[in-house]
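Peer 1: If you read the sequence shown in the UniProt record's numbering, its first letter stands for residue 1, the second for the next number, and so on.
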Amino acid sequence: MLAKRQAAIVAKEQASLDTLQAKRDAATYAITNAREKQRKVSIEEPSVVTDDGQDGTQIPVTDLVGKNILLYFSVHRSRACCAFLPKLVEAYHEIKAKDDAFEVIFISSDKGQNAFDKVFATMSWLALPFGDSRKASLKSKFKVPVIPKLIAISPTGQTVTKEATNLIRDHGANAYPFTAERMKEIEAEAEFEAISEVFPVDKRLEMSDRGNDLGWACVLLLESLIPVVVDPKIGRKRLLVTQSVKQRATEMAETWKASLEERGGIENVKTPDVHTFLQHLVTFGDSEGLRGSQHRHLHRPLRCSVQQRPR
Numbered sequence: 001m002l003a004k005r006q007a008a009i010v011a012k013e014q015a016s017l018d019t020l021q022a023k024r025d026a027a028t029y030a031i032t033n034a035r036e037k038q039r040k041v042s043i044e045e046p047s048v049v050t051d052d053g054q055d056g057t058q059i060p061v062t063d064l065v066g067k068n069i070l071l072y073f074s075v076h077r078s079r080a081c082c083a084f085l086p087k088l089v090e091a092y093h094e095i096k097a098k099d100d101a102f103e104v105i106f107i108s109s110d111k112g113q114n115a116f117d118k119v120f121a122t123m124s125w126l127a128l129p130f131g132d133s134r135k136a137s138l139k140s141k142f143k144v145p146v147i148p149k150l151i152a153i154s155p156t157g158q159t160v161t162k163e164a165t166n167l168i169r170d171h172g173a174n175a176y177p178f179t180a181e182r183m184k185e186i187e188a189e190a191e192f193e194a195i196s197e198v199f200p201v202d203k204r205l206e207m208s209d210r211g212n213d214l215g216w217a218c219v220l221l222l223e224s225l226i227p228v229v230v231d232p233k234i235g236r237k238r239l240l241v242t243q244s245v246k247q248r249a250t251e252m253a254e255t256w257k258a259s260l261e262e263r264g265g266i267e268n269v270k271t272p273d274v275h276t277f278l279q280h281l282v283t284f285g286d287s288e289g290l291r292g293s294q295h296r297h298l299h300r301p302l303r304c305s306v307q308q309r310p311r
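(1) Rounded to whole angstroms, what is the Cα-Cα separation between Ser-140 and Ala-15?
(2) Given that a residue counts as buried once 16 or more other Cβ atoms are within 10 Å of its Cβ, and exposed if not, what is Asn-114?
(3) Which residues in the same chain have their Cβ closer than 7 Å to the Cβ of Thr-179, if we skip the five residues on either side of it in sequence?
(4) Tell me whether Glu-251 is buried or exposed, calling it buried when 16 or more other Cβ atoms sit within 10 Å of its Cβ.
(5) What is the rounded straight-line gap between the Cα of Ala-152 and the Cα of Lys-111?
(6) Between which residues of its own chain and residue 322 is the CB-CB distance below 6 Å, once the five residues before and five after are set aside?
(7) Output yes or no for whether 7 Å exceeds the beta carbon distance between Pro-155 and Gly-66.
(8) Here's the rule: buried if 16 or more other CB atoms are within 10 angstroms of the residue's CB, otherwise exposed. What is Asn-68?
(9) For Tyr-92, count the other beta carbons within 10 Å of its own beta carbon; 16 or more makes it buried, fewer makes it exposed. Which is it?
(10) Just the C-alpha distance for Phe-130 and Glu-181, rounded to the nearest angstrom, thanks.
(11) For a test of the three-state rule: what should DSSP assign to Ala-101, helix, strand or coil?
(12) Report the rounded CA-to-CA distance for Phe-120 versus Glu-163, giving the unit in angstroms.
(13) On the DSSP letters alone, give me the boundaries of the beta strand (DSSP E) that Leu-70 sits inside.
(14) Does the beta-carbon distance from Ile-95 to Phe-84 come in below 7 Å?
(15) Which term fits Leu-20, buried or exposed, when burial requires 16 or more other beta carbons within 10 angstroms of its beta carbon?
(16) How about Lys-87 and Ile-168: are their beta carbons less than 7 Å apart?
(17) I need the DSSP call for Ser-108, collapsed to helix, strand or coil.
(18) Expressed to the nearest angstrom, what Euclidean distance is found between the alpha-carbon atoms of Ala-3 and Leu-17?
(19) What number of angstroms, rounded off, separates the C-alpha of Leu-71 from the C-alpha of Thr-62?
(20) Return the residue from the list Thr-255, Ala-188, Ser-109 that minimises the CA-CA distance to Ser-137.
(21) Given Cys-81, which residues of its chain have a CB within under 7 Å of its CB, disregarding the five upstream and five downstream residues?
(22) Distance check for Ile-59 and Ala-26, CA to CA, integer angstroms please.
(23) Mapping the DSSP letters down to three states, classify Ile-147 as helix, strand or coil.
(24) To the nearest angstrom, how far is the alpha carbon of Glu-254 from that of Ala-188?
(25) Using the C-alpha atoms, what's the distance from Lys-257 back to Ala-249?
(26) Give a yes or no on whether the C-beta atoms belonging to Leu-128 and Lys-135 are separated by under 7 Å.
(27) Please name the residue in Glu-90, Gln-6, Ile-9, Ser-133 whose C-alpha comes closest to that of Ala-173.
(28) If you reduce the DSSP assignment to three classes, tell me which class Gln-158 lands in.
(29) Tell me the rounded alpha-carbon separation between Lys-184 and Ile-31.
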């Protein structure tokens, strides 16, 4: 009886060991199989359709490393996409002409191969193959609720901006490379252009060079400061100009005057330079800036015109 019981226990333990071994073998097989699949995937690099991809020619994604990339989510039946496409085409060719390390990748939401081929035939850039599974993960990653949508990717693979659609629409190729720094530059350029439009451009023949435009702009800027630096109650007194500012203005006037004299004196220097110098004196109330009666006839007309301005 005891012998039978021991034999049953041994048989049960052996069966348990056999079950554990079977599970271990299955786990080992699953791990080996997964590693083999991953190895095959790594050997077969992901690819994108080339710009003449109608024949199915493909290039590896690794060829795009180090380039500025625009991911272009679109679909041919969308009116918004049709309206935006010409702007993107124009910007693409302008940017590509200046920087070959730039590419656009079309990611289509079309339902059929024919629709994909039709719209892709109008493009000069790359695209994910139609039906590529990566489209869904990219749309999810970049949260693409509406199209057209452009996502800018840096040469290091970092997302530069998800608003490249508006940048291309508003600024075209000038927005490249779509960085925050470039946007600040564009804003500064727009502000400068807006300010420049305020200043009149002297069209007279002797004032035709661009340098004189800046001179007249400085005159107007200095004139516009007068209501700020003049005490509104006292009148022409520059009490709102601190002593340190007054000292700095005087030093500038002295340096400026010396420069004018080196070029032949006030009477022989071009009008914008002289006018700006005199306006500087009037704005900051520097009555000592012009010493000598020989210059007072130049200073008086400007001073009188300023004093007569309504306050």
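All C-beta atoms, glycine included, are put in the ideal place defined by N, C-alpha and C. Being a predicted model, the structure only gives us computed values, none of them experimental.
Peer 2: According to the structure shown:
(1) Their backbone Cα atoms lie some 49 Å apart in a straight line.
(2) Classification of Asn-114: exposed, given that the 10 Å Cβ count is below 16.
(3) The residues are Val-160.
(4) Exposed.
(5) Using only the alpha carbons, I get a separation of about 25 Å.
(6) Nothing about residue 322 can be read from this structure; the chain reaches only from 1 to 311.
(7) In contact: Pro-155 and Gly-66 (Cβ atoms closer than 7 Å).
(8) Per the 10 Å Cβ criterion, buried.
(9) Tyr-92 comes out buried.
(10) Approximately 35 Å between the Cα atoms of the pair.
(11) Looking at Ala-101 - three-state DSSP - the assignment turns out to be coil, as it is neither helix nor strand.
(12) Going by the C-alpha atoms only, they are around 23 Å apart.
(13) Counting along the chain, Leu-70 sits inside the beta strand (DSSP E) bounded by residues 68–74.
(14) Taking 7 Å as the Cβ cut-off, Ile-95 and Phe-84 do not qualify as a contacting pair.
(15) Exposed.
(16) Against a cut-off of 7 Å, the Cβ pair of Ile-168 and Lys-87 comes out as a contact.
(17) Note: Ser-108 maps to strand in three-state DSSP.
(18) Cα to Cα, the separation comes out at about 21 Å.
(19) Taking the straight line joining both Cα atoms gives about 16 Å.
(20) Ser-137 has its Cα closest to that of Ser-109, out of Thr-255, Ala-188, Ser-109.
(21) These residues qualify, in order along the chain: Ser-74, Val-75, Ile-147, Pro-148.
(22) The straight-line gap from Cα to Cα measures roughly 38 Å.
(23) Ile-147 falls in the coil class under three-state DSSP.
(24) Their backbone Cα atoms lie some 32 Å apart in a straight line.
(25) Whole-angstrom Cα-Cα distance: 12 Å.
(26) Against a cut-off of 7 Å, the Cβ pair of Lys-135 and Leu-128 comes out as a contact.
(27) Nearest in C-alpha terms to Ala-173, of all of Glu-90, Gln-6, Ile-9, Ser-133, is Glu-90.
(28) Correct three-state label for Gln-158: coil.
(29) Lys-184 and Ile-31 have their alpha carbons spaced roughly 52 Å apart.
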